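Novice:
Residue numbers (my numbering): -18 to 252.
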């Protein structure tokens, strides 16, 4: 096979790559496609690299319509491959009872810019809101001032905009503390939570053994009094914690009487 033949192959593979992604082709991807389909050229990879750079530059200078037309002219079978891939695009599974819309939530902590894990979860939620309609709530989890970077508030909003998420509501948890306090009181009133004043290490030892701490046996009125003292600032940081009553035999120790409210005295909250 001549150098002209190799250049032709690189050209059509560059066209296919550009049409597939609707962007300029990537030299490494084009070379990889050639060597993957024609492994006999692996020994000439260095020479091929020089040819590929020239070909990729040529394709990069073409418009999207020109690339597609040239690919259809020179290698219609490669264009057919792309059409076949498009026809077999898989969708995410449907959600039950979602025909009337969904409510999705994305809840990052403003401790820095978003990362790939955030992006994956937020895009999945966005897909279902676009598919079914409804609300998409951005909930900024900023109740712990020690985990807040003030600059991250703007970073999160910028990243959300860059991802193209269809956010309909923005909620800052730090603006809703009174709501959380009210629901905590209600939970205590029905016996679903209690105020624990045990030393953290002592509670941890009991939890790992699946044993209850003495505070768990306190009556509702006593717990309500202790809860009010927490709100009034009568406990030092770490001196009292509201715990949700759960199964002490749960296989995951983190789920055993986990904390719902605790005291943080410093630093001052940036909001």
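For each residue, glycine too, the CB sits at the ideal point set by N, CA and C. Just so you know, these numbers come straight off a predicted model, no measurement behind them.
Could you give the DSSP three-state label for residue 135: helix, strand or coil?
Specialist: The residue you call residue 135 lines up with position 154 of the chain shown. In the structure shown, residue 135 sits in a helix (DSSP, three-state: H, G or I).
Novice: List, from N- to C-terminal side, the alpha helix (DSSP H) runs of 4 residues or more that fit wholly inside the region 153 to 212.
Specialist: 158 to 170, 181 to 189 and 201 to 212
Novice: Assuming residue 114 contacts residue 82 under a Cβ cut-off of 8 Å, what Cβ separation, rounded to an integer in Å, is found between them?
Specialist: Here residue 114 refers to the residue found at position 133 of the chain shown. Here residue 82 refers to the residue found at position 101 of the chain shown. Confirmed, Cβ separation roughly 5 Å.
Novice: Going by other Cβ atoms of all chains shown within 10 Å of its Cβ, with 16 needed for buried, is residue 233 buried or exposed?
Specialist: By 1-based counting over the chain shown, the position of residue 233 is 252. Exposed, since its Cβ has fewer than 16 Cβ neighbours within 10 Å.
Novice: For the region 1 to 55, which segments carrying the alpha helix (DSSP H) assignment without a break, of at least 4 residues, lie completely within its bounds, in sequence order?
Specialist: 8 to 18, 26 to 41 and 45 to 55
Novice: So what's residue 116 in DSSP terms, helix, strand or just coil?
Specialist: Looking up residue 116 in the chain shown gives position 135. DSSP places residue 116 in strand when its eight states are reduced to three.
Novice: I'd like the list of long-range same chain contacts for residue 95, defined as Cβ closer than 7 Å, with 5 residues on each side in sequence excluded.
Specialist: Here residue 95 is taken as the residue at index 114 of the chain shown, counted from 1. If we look at residue 95 and ignore the five residues flanking it on each side, its Cβ neighbours are 89, 137 and 140.
Novice: Out of 19, 181, 1 and 164, state which residue places its alpha-carbon closest to the alpha-carbon of residue -10.
Specialist: Indexing the chain shown from 1 puts residue -10 at position 9. Residue 19 is the option with its Cα nearest to residue -10.
Novice: Considering just the uninterrupted stretch of the beta strand (DSSP E) at residue 243, what are its terminal residues?
Specialist: Position 262 of the chain shown, counting from 1, holds the residue named residue 243. 240 to 243 is the span of the beta strand (DSSP E), which, as asked, contains residue 243.
Novice: Report yes if the C-beta distance between residue 241 and residue 225 is below 7 Å; otherwise report no.
Specialist: Counted from its first residue, the chain shown places residue 241 at position 260. Counted from its first residue, the chain shown places residue 225 at position 244. Going by C-beta atoms, residue 241 is nearer than 7 Å to residue 225.
Novice: For residue 109, tell me which candidate among 121, 80 and 237 has the shortest Cα-Cα distance.
Specialist: Translated into the one-based positions of the chain shown, residue 109 becomes position 128. With distances taken between Cα atoms, residue 109 lies closest to 80.
Novice: Within this structure, are the beta carbons of residue -1 and residue 36 separated by less than 7 Å?
Specialist: Residue numbering aside, residue -1 sits at position 18 when the chain shown is read from its first letter. Residue numbering aside, residue 36 sits at position 55 when the chain shown is read from its first letter. Contact: no.
Novice: First and last residue of the beta strand (DSSP E) that includes residue 254?
Specialist: Residue coverage of the chain in this structure runs from -18 to 252, which leaves residue 254 outside it and unanswerable.
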